[in-house]
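Below is one structure, written out as structure tokens, with a few remarks after it.
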Amino acid sequence: IPIERIRNFSIIAHVDHGKSTLADRLLELTGTIKGGPSQILDKLQVERERGITVKAQSASLLYKHNGEIYLLNLIDTPGHVDFSNEVQRSLSVCQGVILLVDSNDGVQAQTVANFYLAFVNDLVIIPVLNKIDLKNADPQRVTNELKSLFDINPADVLKISAKLGIGVESVLESVVTKLPSPKVDRSANLRALLFDSMYDKYRGALSLIYVQDGCVSLGDSIATFHNKKVYEVKSLSVLRPDEVPVKKLVAGQIGLVGCNMRSPKEAYVGDTIHHTDCTVEPLEGFKSSRPMVFAGVYPTDQSQHINLRNAIEKLTLNDSAVTVDLDTSPALGQGWRLGFLGLLHLEVFTQRLTQEYSAEPIITAPSVTYKIRLKPTKQNVKDKSEVMFVNNPAHFPEQNRIEQTFEPMVIGTIVTPDKYLGPIMSLCMERRGVQRTANNIDNSRVILQYDLPLCEIVLDFHDTLKTISSGYASFDYENNDYIESNLVKLGILLNGTLVDELSHIVHVTKARTIGRQMVLKLKEMIPRQMIHIAIQAVVNGKVMAREDLKAYRKDVTAKLYGGDVTRRMKLLAQQAAGKKKMRMVANVSIPKETFIEVLKK
Ligand code: GTP
């Protein structure tokens, strides 16, 4: 297919506005798939269970327009803010996007964020209103919103129902007529961008590539810039959306390359692939996304260490946004400190570890990265005082060494019907937010901007916002700078022993409330045991809150009167199994979910 008849595009939208459904319809309409299961591109079990897309997936469609066949490369992208790096990456190989908006919900926070992502990348934007079949659909109102917020010409707005297949053809027509073909050169030397990778049991690491220049064939000898290793191309395929083997990929095409990369680390996302016998300029890679939330990940017991290490290695190949550092904890042993883009990202990653690799890790309380300026010591008094970054409460310095503390901020965007304005403003205030702007989108909805501390939004801000607005408000954020902030370490003591795995860095004004919440939650979560347990929250040696858990002998068979031996054995076995999921910390068994649950309200 000649370059002029290639189009690369992506569908971007707020969560649940119908991207995956539209992708299904486009695949059907182009004969790529025949009806059958829905949400074809959501392949992962976690995606199906949660009903959300977490991985961008690609599919190559063939579409006939004016008697000529066009190759349309569609990249389905996830909508949730935690996965915006996937969106960014997909956009880098596209010339245009379909901006999909629910014609009942209207423009939402991530519609705004995604629009600007496409806009600053200079992509052609095809505005599409979905779900016009809904009783409450109001395409006119939403068209006006697009006009007033993004200056989109109402005449350009398509109106469709992805579910019923109404107007879907017009989307394909627009893709063909409005988007430019990619600027690629088939006569030049091979340059291909490695923009995603995944692990295959039999073939090792597979790379998803976009061929920018030249072509690549089976048997070719190729190399990458990053690790400078040489590989032979063993398999090539296009995704329709299942793999279809091909002998050659030419400039403008997207496909999977297998070349016996043994270690997942070799497939470096953002790398340029070239032929070994030619020198070329590397393509612009990706800005690596900065992880925002860190948590310790530990095997349930050390015999699982190697298993967990392999699982983490393979999964990070398919999720390059996760950062991995070794870490040890006195209570939990050898493990890792992993960095994520947000809490949902963390949850999805650990769920995938369990579901796809049968690993059952313990996850510690998540933390953001704080900046701390230490007091000058005698030796360095003349130099500038030392600055350190801390994302693990265990590394928080003693109070008397600290000169200043800083925390990371975000600029949050909230879109909401105005009747929830009151509770939302109180929520933002409670989370130490400062309002920047408030504007009307139309006569019943507002868009707000707030400066908020990152640590206040990572955990449960989004859920709370949804709850107080009956699901109507939406939220998105971008990272901003550090500001000075009075931070302290809230330590948790179990029978007088400090458990750093449960400790937390907090704003000084929150220490007492959070301390109270945590000890109450711990009292609820830790089962009564043979010994009396004192649970305390302390700041600089001062007790903020305390609860006591009375000793209790947990003999599950005590209540049975003699007799039935099998029943007794069964119960004892159950008790043993129950213990397995516990972790001994400071002589106290703690259920393994405690570390993360304790922070949720
Ligand atoms: P994420 O993958 O989480 O980002 O969501 P998505 O944007 O891919 O949304 P998805 O396609 O999963 O659709 C969300 C819900 O909207 C599903 O229940 C769909 O059945 C429904 N839906 C999608 N399109 C239409 C439509 O045209 N009309 C109606 N009534 N419902 C639709």
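Using UniProt numbering, you'd call the opening residue of the sequence shown number 50 and step up by one each time. Positions of the beta carbon are idealized from the N, C-alpha and C atoms, including for glycine. These figures come from a predicted structure and were not determined experimentally.
(message) Using a 10 Å radius around the Cβ and a threshold of 16 neighbouring Cβ atoms, would you call Tyr526 buried or exposed?
(response) So Tyr526 ends up on the buried side.
(request) Return helix, strand or coil for His581, following the three-state DSSP convention. (result) Secondary structure of His581 (DSSP, three-state): coil.
(message) Does the distance between the C-beta of His66 and the nearest non-hydrogen atom of ligand 1 fall short of 7 Å?
(response) The answer is yes for His66.
(request) In the DSSP assignment, find the unbroken beta strand (DSSP E) run with Thr418 in it and report its ends. (result) Element bounds for Thr418: n/a, residue is neither H nor E.
(message) According to DSSP, Lys591 sits in a beta bridge with which residue or residues?
(response) Per DSSP, the beta bridge partners of Lys591 are Val588.
(message) For ligand 1, is there any heavy atom lying closer than 7 Å to the beta carbon of Lys212?
(response) At least one heavy atom of ligand 1 is found less than 7 Å from the C-beta of Lys212.
(request) Say whether the stretch 249-263 touches the stretch 310-326, bearing in mind that this needs 3 or more beta-carbon pairs closer than 8 Å, one atom from each stretch. (result) Yes, they touch.
(request) Grab the span of the beta strand (DSSP E) containing Glu533 for me, first residue to last. (result) For Glu533, the uninterrupted beta strand (DSSP E) segment begins and ends at 523-533.
(message) I'd like the list of long-range same chain contacts for residue 661, defined as Cβ closer than 6 Å, with 5 residues on each side in sequence excluded.
(response) Residue 661 is absent from the structure shown; the chain starts at 50 and stops at 650.
(request) Below 8 Å on the Cβ atoms is my guess for Ala62 versus Asn163; work out the distance and round it to an integer in Å. (result) About 7 Å separates the beta carbons of Ala62 and Asn163, which is inside the 8 Å limit, making them a contact pair.
(request) Take Ser107 and list the residues in its own chain whose beta-carbon comes closer than 6 Å to its own, dropping the five residues that flank it on each side. (result) Result list for Ser107: Ile124, Leu288, Ile303, in chain order.
(request) With a threshold of 7 Å, establish whether the CB of Asp182 neighbours any heavy atom of ligand 1. (result) Checking every heavy atom of ligand 1 against the Cβ of Asp182, one is found closer than 7 Å.
(request) Thinking Val177 and Leu207 are a contact (beta carbons under 8 Å), I'd like their distance in whole angstroms, please. (result) Yes, Val177 and Leu207 are in contact; Cβ-Cβ is about 5 Å, under 8 Å.
(message) Considering only the alpha carbon of each residue, which of Thr465, Ser475, Gly482, Met478 lies closest to Asn488?
(response) Nearest Cα to Asn488 within the set Thr465, Ser475, Gly482, Met478: Thr465.
(request) Could you tell me if the beta carbon of Asn179 falls within a distance shorter than 7 Å of some heavy atom in ligand 1? (result) Checking the Cβ of Asn179 against ligand 1 gives yes.
(request) For Cys327, count neighbouring Cβ atoms within 10 angstroms of its own Cβ and tell me buried if that reaches 16, exposed if not. (result) The C-beta of Cys327 has fewer than 16 other C-beta atoms within 10 Å across all chains shown, which makes the residue exposed.
(request) Examine ligand 1 and report whether any of its heavy atoms sits within less than 7 Å of the Cβ of Thr454. (result) Set against 7 Å, the gap from the CB of Thr454 to the closest heavy atom of ligand 1 is not smaller.
(message) Residues in the same chain with beta-carbon distance under 8 Å from Ile473, minus the five sequence neighbours each way, listed in chain order, please.
(response) Answer for Ile473: Ile463, Thr465, Leu497, Leu514, Ile517, Ser518, Ala522, listed in chain order.
(request) Please state whether DSSP places Glu646 in a helix, a strand or coil. (result) Residue state, collapsed to three classes: helix.
(request) Consider the C-beta atom of Ser69 and the heavy atoms of ligand 1; say whether any pair is separated by less than 7 Å. (result) Within 7 Å of the C-beta of Ser69 there is at least one heavy atom belonging to ligand 1.
(request) Can you give me the Cβ contacts of Ala360 inside the same chain, cut-off strictly under 6 Å, excluding the 5 residues immediately before and after it? (result) Excluding residues within five positions, the ones whose Cβ falls inside 6 Å are Leu402, Tyr406, Ala408.
(message) Can you look up Pro340 in the DSSP assignment and give me helix, strand or coil?
(response) Coil at Pro340, not helix or strand.
(message) Are there any heavy atoms of ligand 1 lying less than 7 Å away from the beta-carbon of Ala62, as far as the coordinates show?
(response) The beta carbon of Ala62 sits closer than 7 Å to at least one heavy atom of ligand 1.
(message) For a quick check, are the C-beta atoms of Val637 and Leu543 less than 8 Å apart?
(response) Yes, these two residues count as a Cβ contact at 8 Å.
(message) Could you give the first and the last residue of the continuous beta strand (DSSP E) run that contains Gly382?
(response) 382-389 is the span of the beta strand (DSSP E), which, as asked, contains Gly382.
(request) Below 8 Å CB to CB, which residues in the same chain sit around Ser152 once its five sequence neighbours on both sides are set aside? (result) Answer for Ser152: Leu178, Asn179, Lys180, Ile181, Leu183, Ala186, Asp187, Pro188, Val191, Lys208, listed in chain order.
(message) Let me make sure I understand the geometry here. Which of Leu140, Ile451, His394 has the alpha-carbon closest to that of Phe244?
(response) That would be Leu140, whose Cα lies nearest to the Cα of Phe244.
(request) Output the distance between the C-alpha atoms of Val233 and Asp262, rounded to the nearest integer angstrom. (result) Per the coordinates, the alpha-carbon of Val233 lies some 6 Å from the alpha-carbon of Asp262.
(request) Please state if the CB of Leu110 and the CB of Val217 are separated by a distance shorter than 8 Å. (result) No. Outside cutoff.
(request) Pick out the complete beta strand (DSSP E) segments inside the stretch 228-257, 3 residues or longer, and give them in chain order. (result) As far as the stretch 228-257 is concerned, its whole beta strand (DSSP E) runs of at least 3 residues are 240-249.
(message) Could you tell me the alpha carbon to alpha carbon distance between Gly268 and Leu239, rounded to whole angstroms?
(response) Near 14 Å, if we compare the C-alpha coordinates of Leu239 and Gly268.
(request) Could you check which residue in Phe644, Asp249, Pro231, Trp385 has the C-alpha nearest to that of Leu375? (result) Among Phe644, Asp249, Pro231, Trp385, the Cα nearest to that of Leu375 is on Trp385.
(request) Compare the Cα-Cα distances from Asn122 to each of Gly67, Leu172, Phe58 and report the closest residue. (result) Per the C-alpha coordinates, the member of Gly67, Leu172, Phe58 positioned closest to Asn122 is Phe58.
(message) If I measure Cβ to Cβ from Ser230 and keep anything under 6 Å in the same chain, skipping five residues before and after, which residues do I get?
(response) These residues qualify, in order along the chain: Ile52, Glu53, Ile55.
(message) Checking the sheet assignment: what are the DSSP bridge partners for Gln484?
(response) The secondary-structure analysis by DSSP pairs Gln484 across a beta bridge with Tyr499.
(request) Can you say whether Met574 is buried or exposed, counting buried as having 16 or more other CB atoms within 10 angstroms of its CB? (result) Result: exposed.
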